[in-house]
C-alpha cells in the first residue's frame, strides 16, 4: 500500500466522557501490534480519556492510565506492550530519541502519543492520527486520519453507534 499517504478521513461526534472512552475502546480493539497512534487536541480535549478507552480494550485497568507529562512515557504490560507517550514538555525530537524512542518503536507494541506536534519529524510515516476538538463543555468532534494503508483498514472497520 501507499506508505505515509493520507488515504482516509472520518469524523465522529462524542457527547460525553463515556462516548470518548467507548470510542477509544473501539479503536483499541482494531489496533495491530506495532501500531502508532498520534493523538492531537488541546488541553482538556479528552486525549487521556480516549487513551484510557484504548488501553482498557487491551486489558488495562483504566485507573492506571494517567498522562505521562512528567515522565514522557509510561509503559503498561497488558495483552500487548503498551507505551503511552506525552511530548508536551519536549522541545523537539532529539529529546525523544534521548529517552530511547527507537527502542520503543522496535518492541512491536502499541504506541499512543499525546502532543505529537512537538516531535513531528520523529513520527512514523505510517500512523493513525486522532484529532480531537472541543473541551467537553460542548460535544467533541473527533477526526481520524489514516497515514498508510494498514490504518485505512482500521478507519473502514470502525463502527460507532453514536
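In the working numbering, the protein residues as written are 1 to 162.
All residues carry an ideal CB built from backbone N, CA and C; glycine is no exception.
Using the C-alpha atoms, what's the distance from residue j back to residue i?
i	j	result
residue 112	residue 100	15 Å
residue 81	residue 44	26 Å
residue 37	residue 18	20 Å
residue 169	residue 103	The requested residue 169 is not part of the displayed model; the chain covers only 1 to 162.
residue 158	residue 93	31 Å
The beta strand (DSSP E) with residue i in it runs from where to where?
i	result
residue 35	No beta strand (DSSP E) contains residue 35, which DSSP labels as neither H nor E.
residue 110	110 to 114
residue 142	140 to 147
residue 99	Unbroken run through residue 99: none, as it is neither H nor E.
Determine the burial state of residue i: buried for a count of at least 16 other Cβ atoms within 10 Å of its Cβ, exposed for fewer.
i	result
residue 98	exposed
residue 140	buried
residue 152	buried
residue 137	exposed
residue 129	buried
residue 29	exposed
By Cβ distance below 7 Å, which residues in the same chain neighbour residue i in space, the five residues on each side in sequence not counted?
i	result
residue 3	125, 126 and 148
Within its chain, find whatever has a CB closer than 8 Å to the CB of residue i; leave out the 5 residues flanking it on each side and keep chain order.
i	result
residue 21	49, 50, 52, 53, 56 and 62
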